[in-house]
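Shown next, in structure tokens, is the structure this report addresses.
2 protein chains.
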Amino acid sequence: MLDHQNAVPTRPRVVIVGAGFGGLTAAKALARSPVEVTVIDRRNYHLFQPLLYQVATAGLSPADIASPIRAILSAQRNTTVLLGRVTGVDPDLKRVLLADRFVPYDYLILATGARHAYFGHDAWEAHAPGLKKIDDATQIRRRLLIAFEQAEAEPDAERRQRLLTFVVIGGGPTGVEMAGAVSEVARHALAKDFRNIDPGTARIVLIEAGPRLLPAFPESLSAIAEQSLRRIGVEVRTGQAVTDVDKEGVVIGNERVDSATMIWAAGVAASPAAKWLGAEADRAGRIKVNPDLSVPDRPEIFAIGDTALVSDGMGRPLPGVAPVAKQQGQYVARLIAARARRARVMIPKFADELRKRNHTRVSGLVARLSLKFADEFQGRDTSDPPAFRYRNLGNLATIGRSSAVVDFGRIRLHGFIAWLLWGAAHVYFLIGFRNRMAVTLDWFWAYLTFQRGVRLITGPEE
Amino acid sequence: MLDHQNAVPTRPRVVIVGAGFGGLTAAKALARSPVEVTVIDRRNYHLFQPLLYQVATAGLSPADIASPIRAILSAQRNTTVLLGRVTGVDPDLKRVLLADRFVPYDYLILATGARHAYFGHDAWEAHAPGLKKIDDATQIRRRLLIAFEQAEAEPDAERRQRLLTFVVIGGGPTGVEMAGAVSEVARHALAKDFRNIDPGTARIVLIEAGPRLLPAFPESLSAIAEQSLRRIGVEVRTGQAVTDVDKEGVVIGNERVDSATMIWAAGVAASPAAKWLGAEADRAGRIKVNPDLSVPDRPEIFAIGDTALVSDGMGRPLPGVAPVAKQQGQYVARLIAARARRARVMIPKFADELRKRNHTRVSGLVARLSLKFADEFQGRDTSDPPAFRYRNLGNLATIGRSSAVVDFGRIRLHGFIAWLLWGAAHVYFLIGFRNRMAVTLDWFWAYLTFQRGVRLITGPEE
Numbered sequence: 004m005l006d007h008q009n010a011v012p013t014r015p016r017v018v019i020v021g022a023g024f025g026g027l028t029a030a031k032a033l034a035r036s037p038v039e040v041t042v043i044d045r046r047n048y049h050l051f052q053p054l055l056y057q058v059a060t061a062g063l064s065p066a067d068i069a070s071p072i073r074a075i076l077s078a079q080r081n082t083t084v085l086l087g088r089v090t091g092v093d094p095d096l097k098r099v100l101l102a103d104r105f106v107p108y109d110y111l112i113l114a115t116g117a118r119h120a121y122f123g124h125d126a127w128e129a130h131a132p133g134l135k136k137i138d139d140a141t142q143i144r145r146r147l148l149i150a151f152e153q154a155e156a157e158p159d160a161e162r163r164q165r166l167l168t169f170v171v172i173g174g175g176p177t178g179v180e181m182a183g184a185v186s187e188v189a190r191h192a193l194a195k196d197f198r199n200i201d202p203g204t205a206r207i208v209l210i211e212a213g214p215r216l217l218p219a220f221p222e223s224l225s226a227i228a229e230q231s232l233r234r235i236g237v238e239v240r241t242g243q244a245v246t247d248v249d250k251e252g253v254v255i256g257n258e259r260v261d262s263a264t265m266i267w268a269a270g271v272a273a274s275p276a277a278k279w280l281g282a283e284a285d286r287a288g289r290i291k292v293n294p295d296l297s298v299p300d301r302p303e304i305f306a307i308g309d310t311a312l313v314s315d316g317m318g319r320p321l322p323g324v325a326p327v328a329k330q331q332g333q334y335v336a337r338l339i340a341a342r343a344r345r346a347r348v349m350i351p352k353f354a355d356e357l358r359k360r361n362h363t364r365v366s367g368l369v370a371r372l373s374l375k376f377a378d379e380f381q382g383r384d385t386s387d388p389p390a391f392r393y394r395n396l397g398n399l400a401t402i403g404r405s406s407a408v409v410d411f412g413r414i415r416l417h418g419f420i421a422w423l424l425w426g427a428a429h430v431y432f433l434i435g436f437r438n439r440m441a442v443t444l445d446w447f448w449a450y451l452t453f454q455r456g457v458r459l460i461t462g463p464e465e
Numbered sequence: 004m005l006d007h008q009n010a011v012p013t014r015p016r017v018v019i020v021g022a023g024f025g026g027l028t029a030a031k032a033l034a035r036s037p038v039e040v041t042v043i044d045r046r047n048y049h050l051f052q053p054l055l056y057q058v059a060t061a062g063l064s065p066a067d068i069a070s071p072i073r074a075i076l077s078a079q080r081n082t083t084v085l086l087g088r089v090t091g092v093d094p095d096l097k098r099v100l101l102a103d104r105f106v107p108y109d110y111l112i113l114a115t116g117a118r119h120a121y122f123g124h125d126a127w128e129a130h131a132p133g134l135k136k137i138d139d140a141t142q143i144r145r146r147l148l149i150a151f152e153q154a155e156a157e158p159d160a161e162r163r164q165r166l167l168t169f170v171v172i173g174g175g176p177t178g179v180e181m182a183g184a185v186s187e188v189a190r191h192a193l194a195k196d197f198r199n200i201d202p203g204t205a206r207i208v209l210i211e212a213g214p215r216l217l218p219a220f221p222e223s224l225s226a227i228a229e230q231s232l233r234r235i236g237v238e239v240r241t242g243q244a245v246t247d248v249d250k251e252g253v254v255i256g257n258e259r260v261d262s263a264t265m266i267w268a269a270g271v272a273a274s275p276a277a278k279w280l281g282a283e284a285d286r287a288g289r290i291k292v293n294p295d296l297s298v299p300d301r302p303e304i305f306a307i308g309d310t311a312l313v314s315d316g317m318g319r320p321l322p323g324v325a326p327v328a329k330q331q332g333q334y335v336a337r338l339i340a341a342r343a344r345r346a347r348v349m350i351p352k353f354a355d356e357l358r359k360r361n362h363t364r365v366s367g368l369v370a371r372l373s374l375k376f377a378d379e380f381q382g383r384d385t386s387d388p389p390a391f392r393y394r395n396l397g398n399l400a401t402i403g404r405s406s407a408v409v410d411f412g413r414i415r416l417h418g419f420i421a422w423l424l425w426g427a428a429h430v431y432f433l434i435g436f437r438n439r440m441a442v443t444l445d446w447f448w449a450y451l452t453f454q455r456g457v458r459l460i461t462g463p464e465e
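Here the protein sequences come in this chain order: X and C. So for the first sequence, my numbering puts the first residue at 4; every next one is plus one. So for the second sequence, my numbering puts the first residue at 4; every next one is plus one.
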């Protein structure tokens, strides 16, 4: 077990579960606060998910959009990184539970993210994988490239057509970007590589159950996105729900679309964090948090990002995007920092009390005192920052090569300029000089050559 | 089935199995010859194996050292690429057999490479994986990084020491480069990332059964390599054979070395190509070829690279390195091109004969005639190039950061200049502008920052 499990806390311990956009932002924002931070993640890297679809479509390498969490936080002396899978939380004893140990906290930030959800049709996942992890992306890349390889060797026209049909389910930013990228792979990157098939004849179907693509954008930009996709050969089907998915393809209403490669971009569900706490959640598993993002009746536990259900002020939930998670991470860090500064006054008292009793090694007592002490400074206070409010700085989505839509509220852009803005914003928000350079280089090269540099079929055969 | 299976050949069909250094060089050298080339490989990419150890040690991304075979050969109109696993050869009917089809040939080039061999101890592979494929490299990278993570969380000192002990078995270039890179990861890249362990205290053991490291190099350079490795903290043990490998570590003679991460760089064996043909092979499975690299009694079948056993003129076999394979690919392509030019004269005769008999659709007859015809031009001729001779242009091996040994025969270099030469040579031989840029960028960044950009733990958990 780790040393700190039974140690007397000299500063409040903040445990952050999940090093996505929310968790990592919170950890960095606490760098100079008088707290001890522990970041726990199942993976050793922070993933820049908005570009994951480019890994799936052979445009970028996994390492270009991932940075080791340890390396990001190595200079932050008050922070420890733990690689591990959280199995639960004991909110009464204030402990995070892992498979083979537990980590005590004074404050807990749950930033555990979401994964794709199939609305009760879990069997669909095997046929139409979603895109949340690096291994998801390399698996989709594998399926995409294998489909063209098999089509090249397939003498039967009907089966060849099925192999050359790609279905993307879900018309949000991920679905739109994915469909555009698949079209680009087929029409440009692979154009001259085959002898028996013409990859440019691939059929790409984008299905959205709602009335229009990109529902979070203004209607005018949705229409432009649809038009741009159609121009590059994507078959857009809005207002049509997928009613079945199997090995051979999808069913839309009464129509079957035979396909060998289906990609799920239709829905996500939050991690089981709400279950760990027994907290109230919406159908997607998001915890209904207080205005300060704390969990009801647990002022020392916060949920942020995809783990939290927060209203946008007009009754709609905030979307599951990076800026929301980052602003929430920032907000919670500020709140905890304010309380930790207040706690500073109390810590000497607590240490004194322990010293008087000469019981530093009696962990049961320490734990009890620690909890009592924590209760004193973890409560709300009038000096806390006001309730969290999201500032929407804009929405961006790209549609294949040289085209994007950008919504800055009053300013709306589309086309090449929007695409450059989209690229610049994504490079800017990437973590680390190496990744920024690598992505810029790969994009520049792809733009000039129409090629995709990462066309590797790797991983275990299915 | 593919069209060409029963078609009348209008030009000799050259089938190349394997798109490694040998096979790819042969294919490219045949670009302008009057032949139909088919390249068959199990994977869709050509891999630059000399840098695979850098993928395993988090320095490079897989895509940086791999290029899609289709993209490399897409402009070569006489060449078709097939993704598939060859299961055998029928040398009498002149067909290469795949799982679900066969591909007929007039000339066959077997460039199927090698994989690691455990000299009868196949059980060792699970504990000490070798390094031949991209998936091998990402698995070793995973084990390497996980070991440090587990050590960070391990309270028991003895088990922590085992987790921080890395054993590399085999003192050839791969073993030397691997040991140097592991030392660099521990001493530089991870130096500041942990709180409970000091990665710099990692123990790295390099074991070589022979009397010295890098046996293919002059003794003076072997000594320098050993010295350089010792200086960066690698424990070099020459003249000591590993007698057992299990989950907990290795046994050297009577001594146990507890280790959680063992890497096999001690031996390779050729692919089963010799078995496909029933050809005579040495213990490592390499086919004993004729001086023109053809298989005895099969003048139309050639074996090159790691698949062939060729003497260096002084009774020693040529080493399994890229330059040997590439020169052999070049040689065989020249030989086949010469014969194909002679065949040009005969093909009209053959077509005439078929037309006269009006039997173009009777595949049995076509096959018989095709064989008869092939026999005429596949034999040796006095206008063939002379026997293959290897021109050794030099040997290079790197030893961690800023150090390498280079042997150009009379000129021998070591240290920083040798390291620059090593880097320049490897970038030069990489295929494609994108990969050259990506590798240069990653190396430059690593050199300046002492970091490694590709520290991702991916893939299925073991």
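Glycine included, C-beta positions come from ideal geometry on N, C-alpha and C. Since this is a predicted model, take the numbers as computed values, not measurements.
- The segment 180-198 of chain X and the segment 444-457 of chain X touch, with three or more beta-carbon pairs separated by less than 8 Å.
- In the DSSP annotation of this structure, THR461 of chain X is not part of any beta strand (DSSP E), being labelled neither H nor E.
- Of the residues X:GLY175, X:GLY256, X:ILE143, the one whose Cα lies closest to the Cα of ASP247 of chain X is X:GLY256.
- GLU39 of chain C carries a strand assignment under DSSP once its states are collapsed to helix, strand and coil.
- In the three-state reduction of the DSSP assignment, MET440 of chain C falls in the helix class, which pools H, G and I.
- With three or more CB-CB distances shorter than 8 Å, the segment 42-49 of chain X counts as touching the segment 69-80 of chain X.
- The criterion of a C-beta distance shorter than 8 Å is not satisfied by VAL84 of chain C and LEU101 of chain C.
- Close partners of TRP448 of chain X in chain C (Cβ separation under 8 Å): PHE436, ARG437, MET440.
- For ASN47 of chain X, the residues of chain C that pass the 9 Å Cβ criterion are LEU148, ILE149, GLU152, ARG458, LEU459, ILE460, in the order they occur in the chain.
- LEU217 of chain C and GLY174 of chain C do touch by the CB rule: their CB atoms are close to 7 Å apart, below 8 Å.
- In terms of Cα proximity to ILE266 of chain X, the closest of X:ARG80, X:LEU27, X:THR82, X:ALA120 is X:ALA120.
- Between GLY332 of chain C and ALA29 of chain C, the beta carbon gap of about 4 Å places them in contact (Cβ cut-off 8 Å).
- Note: SER314 of chain X is bridge-paired with X:PRO320 in the DSSP secondary-structure output.
- Chain order gives no chain C residues near LEU338 of chain X, where near means a beta carbon separation below 8 Å; the closest approach is about 26 Å.
- Within the same chain, Cβ atoms closer than 8 Å to the Cβ of GLU303 of chain C are found at LYS97, TYR108, ASP109, TYR110, LEU111, SER297, ALA377, GLN381, the five residues on either side in sequence being excluded.
- The C-beta of MET317 of chain X has fewer than 16 other C-beta atoms within 10 Å across all chains shown, which makes the residue exposed.
- Neighbours of GLN454 of chain X across chain C, judged by C-beta separation under 8 Å: ALA74, ARG437.
- Apart from sequence neighbours up to five positions away, the residues of its chain that approach GLY213 of chain X with a beta-carbon distance below 8 Å are GLY174, THR241, GLY242, ordered along the chain.
- Per DSSP, reduced to three states, the secondary structure at THR115 of chain X is coil, with no helix or strand assignment.
- The segment 216-271 of chain C is shown to contain whole alpha helix (DSSP H) runs of 4 or more residues at 222-234, in chain order.
- Using a CB distance cut-off of 8 Å, ALA184 of chain C does not count as an interface residue toward chain X.
- Taking C-beta atoms as the reference points, ALA441 of chain X and ASP159 of chain X fail to come closer than 8 Å.
- Against chain X, a Cβ distance below 8 Å from ALA156 of chain C picks out LEU5, LEU85, LEU86, GLY87, ARG104.
- Annotation: the continuous beta strand (DSSP E) that includes GLY91 of chain X extends over 89-93.
- Rounded to the nearest angstrom, the Cβ distance from ILE43 of chain X to VAL106 of chain X is 7 Å, consistent with a contact under 8 Å.
- Rounded to whole angstroms, the gap between the alpha carbons of GLY281 of chain X and ILE19 of chain X is 19 Å.
- Judged by DSSP secondary structure, ILE304 of chain C falls within the beta strand (DSSP E) whose first and last residues are 301-306.
- Counting only residues of its own chain and dropping the five nearest sequence neighbours on each side, PRO176 of chain X has a CB closer than 6 Å to the CB of ALA400.
- LEU423 of chain X: member of the alpha helix (DSSP H) spanning 419-432, first to last residue.
- In this structure, PHE411 of chain X sits near GLY397 of chain X, with a CB-CB distance shorter than 8 Å.
- Shown here, PHE411 of chain X sits in a strand according to DSSP, grouped into three states.
- With respect to the 8 Å criterion, VAL271 of chain X and GLY308 of chain X are not classified as neighbours on the basis of their beta carbons.
- Listed along chain X are LEU459, THR461, each with a C-beta nearer than 8 Å to that of ILE137 of chain C.
- DSSP places PHE169 of chain X inside the beta strand (DSSP E), whose first and last residues are 168-172.
- The C-beta of LEU444 of chain X comes closer than 8 Å to at least one C-beta of chain C.
- DSSP places ARG144 of chain X in the helix class (H, G or I) of the three-state scheme.
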